Each structure stands twice: as structure tokens, then as C-alpha cells.
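In what follows, a single structure is set out as C-alpha cells and then discussed.
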Amino acid sequence: MTAGVWLTPGQLSERSGVAVSTLHYYESRGLIDSRRTSGNQRRYRRDTLRRVAFVRIAQGVGVSLEDIKNALDSLPDSRVPTAEDWARLSLLWHDELTRRIEALTELRDDFSGCIGCGCLSLKSCPLANPGDVLAKEGPGPRRLPVRGD
């Protein structure tokens, strides 16, 4: 292995700000991969830093590890991903992230209205469900955004 191209788990952890145990977990989930030295020590390619950053950012906006893995699986294994590869990958989530932003904006606005008015009226509150009329739509929350709805 060429020095400078490969990082130890400690180096990757330090550079990425992610605990070594989390890196091992990501590896067990297939999000990143490592090679083993003749002494059976893990070594990560330097471009794994980008993958780890991508995972952390995607997790931060609520993308599941399964969806992250599917996206990362679309990147080439034979070479370091290019800017075009990353741009293509980001387009996969554009519409989904837009839907989430809209749902969160609606939720924020509904909460602001309820908190601001102070009426505490379940009859007029847009989040209330008088008479359980929303039961016909199925189980779980119906007016608040739920991941996967």
C-alpha cells in the first residue's frame, strides 16, 4: 500500500470527526470499505473521507442508512468518484429532500400558529382530530409528516 493514499482507522477518525467504532459500524453496513495489511490492520483509502462526510450529512437531514448505502453503491468502485459522480448522486435525493422541506415548513407554520394564538382549543386547532375522523386514513400520525409517507 502506498503511503499517503491509505489512512489508519485513527487517522480517518481524526480527519472525519467520526469515532473509530462508528467507522467500523459504517463498514459493517457496507457504507465504506477497508483493506487489510499483512498484519491484518484496517486501512482506508483517502477518498473514504468524502464517503464518511456524505454519510454524516445525509444522516443529518434524516436519510436512512439503507438509502445512503443504495446511493453510495451507485458510485464507481474502480476509481475515485469525480465531481460529476457526486452531482449525479445528489440529484437522486433532490425531489425527496424538497418534499421533506415542504413538510417541515408546513409543520413549523402549524406549530407557530398554535403556539402563538394561545387558544388551546381542540375544536379549531388544525392538528386536532375531533371524533377520530382521521382513523379511516390508517394508523399512526396523519397530519404531522412521518418519514416514508
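Just so you know, my numbering puts 1084 at position 93 of the sequence shown, and the rest follows in order with no gaps.
Using N, Cα and C, we set each Cβ at its ideal position, and we do this for glycine too.
Only a predicted model underlies this, so the values are computations on that prediction, with no experimental measurement involved.
Looking at the strands, I want to know which residues DSSP matches up with residue i.
i, result
"arginine 1090", "Partner(s): none; arginine 1090 has no beta bridge."
"arginine 1041", "DSSP output for arginine 1041 lists no bridge partner at all."
"arginine 1026", "Arg1034"
What does the Cβ neighbour count give for residue i, buried or exposed, with the cut at 16 atoms within 10 Å?
i, result
"valine 996", "exposed"
"leucine 1003", "buried"
"serine 1007", "buried"
"leucine 998", "buried"
"alanine 1078", "exposed"
"valine 1046", "buried"
Taking the Cβ atom as the reference point for each residue, do residue i and residue j lie within a distance shorter than 7 Å?
i, j, result
"serine 1025", "tyrosine 1035", "yes"
"aspartate 1141", "leucine 1066", "Past the boundaries of the shown model lies residue 1141; the chain is included only from 992 to 1140, so the question cannot be answered."
"alanine 1049", "leucine 1083", "no"
Once the 5 residues before and after residue i are set aside, which same chain residues still bring their CB inside 6 Å of it?
i, result
"valine 1043", "Ser1007 and Val1009"
"aspartate 1140", "Summary for aspartate 1140: the model assigns pLDDT 43, below 50, so the residue's position carries little reliability, and this model does not support an answer."
"proline 1130", "none"
"glutamate 1087", "none"
Return the Cβ separation of residue i and residue j in integer angstroms, given the expectation that the two are a contact with Cβ distance under 8 Å.
i, j, result
"valine 1071", "aspartate 1038", "5 Å"
"glycine 1051", "arginine 1091", "So it is not a contact: roughly 12 Å between Cβ atoms."
With a CB to CB cut of under 7 Å and the five nearest residues on each side skipped, what residues in its chain are close to residue i?
i, result
"lysine 1060", "Arg1020, Gly1021 and Leu1022"
"arginine 1033", "Pro1000, Ser1025 and Arg1027"
"alanine 1126", "none"
"leucine 1080", "Ala1062, Ser1065 and Leu1066"
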